[in-house]
Amino acid sequence: MATVKCQNCEWEGDEGECDDIKDFFERVAPGEICPVGECPECGCVTHYVEIPSHTVEYVVEYLARKEAEHATLEGTTVELANRGNPDHGQNPDEPVWGGPEDRHVPVETFQEASNLCRQYITEHDLGMGNWTGGMIKIDGKTVAYVTYGGRVFHQSDDEPSIELKEEITDLNQRIVDAVRMG
Numbered sequence: 087m088a089t090v091k092c093q094n095c096e097w098e099g100d101e102g103e104c105d106d107i108k109d110f111f112e113r114v115a116p117g118e119i120c121p122v123g124e125c126p127e128c129g130c131v132t133h134y135v136e137i138p139s140h141t142v143e144y145v146v147e148y149l150a151r152k153e154a155e156h157a158t159l160e161g162t163t164v165e166l167a168n169r170g171n172p173d174h175g176q177n178p179d180e181p182v183w184g185g186p187e188d189r190h191v192p193v194e195t196f197q198e199a200s201n202l203c204r205q206y207i208t209e210h211d212l213g214m215g216n217w218t219g220g221m222i223k224i225d226g227k228t229v230a231y232v233t234y235g236g237r238v239f240h241q242s243d244d245e246p247s248i249e250l251k252e253e254i255t256d257l258n259q260r261i262v263d264a265v266r267m268g
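Numbering-wise, my numbering puts 137 at position 51 of the sequence shown, and it's gapless, one number per residue.
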């Protein structure tokens, strides 16, 4: 268990000694560092003295993934493709009438792939039912895909899909704030 401290009465102890926070949403404002529990001495909220190691490891891993996302990806292409939507009487085996043929375009970053896909969708007035592209490949192997809305999802065999375009989570902000508090 990790050590926590009350900023009101200076009590310090194990996080397991804290009580549940009563009226949490009335006491903790959005964007504020999330407290661990209530101080058993005075009832004010407590915060971690040091960030638990499993949390730090998660942040380091997360930031490494974010850095890799913005790295140049040599040999990377994104597929731009469309098909007819049978819900609108279009042939699902052929590109939309008057639309371009499928193609793979070289990209350097996932962000560039996302931008190209959204541009392609907009320029050709495609609906969600027409969009069949978005596969991002490195040396022919699919590593991620771009959704109709432009989000990039990582493709992995050993873990659930992770949204790469996500913003830094509230957890990460709390960790940064807690580290600043000392």
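C-beta: ideal position from N, C-alpha, C; glycine also. Keep in mind that this is a model prediction, so the values were computed, not measured.
In this structure, Ala167 is the residue among Pro172, Ala167 and Val193 with its C-alpha nearest to the C-alpha of Gly185. For Trp183, the number of other beta carbons within 10 angstroms of its own is below 16, and it is reported as exposed. Partner residues in a beta bridge of Arg169, as assigned by DSSP, do not exist. Distance check between Val193 and each of Val90, Met221, Cys92 and Asn216 places Met221 closest, using alpha-carbon atoms only. Short of 6 Å from the beta carbon of Pro172, and not among the five residues preceding or following it, lie these beta carbons of its own chain, in chain order: Pro178. The continuous alpha helix (DSSP H) containing Cys203 extends over residues Phe196 to Glu209. In chain order, Val164, Leu166, Val191 and Val193 place their CB closer than 8 Å to the CB of Leu202, counting only its own chain and leaving out the 5 sequence neighbours on each side. Glu112: member of the alpha helix (DSSP H) spanning Phe110 to Arg113, first to last residue.
Looking at the DSSP output, Trp183 sits in no beta bridge, so it has no partner there.
When C-beta atoms of the stretch 194-213 are compared with those of the stretch 126-135, fewer than three pairs fall below 8 Å, so the two segments do not count as touching.
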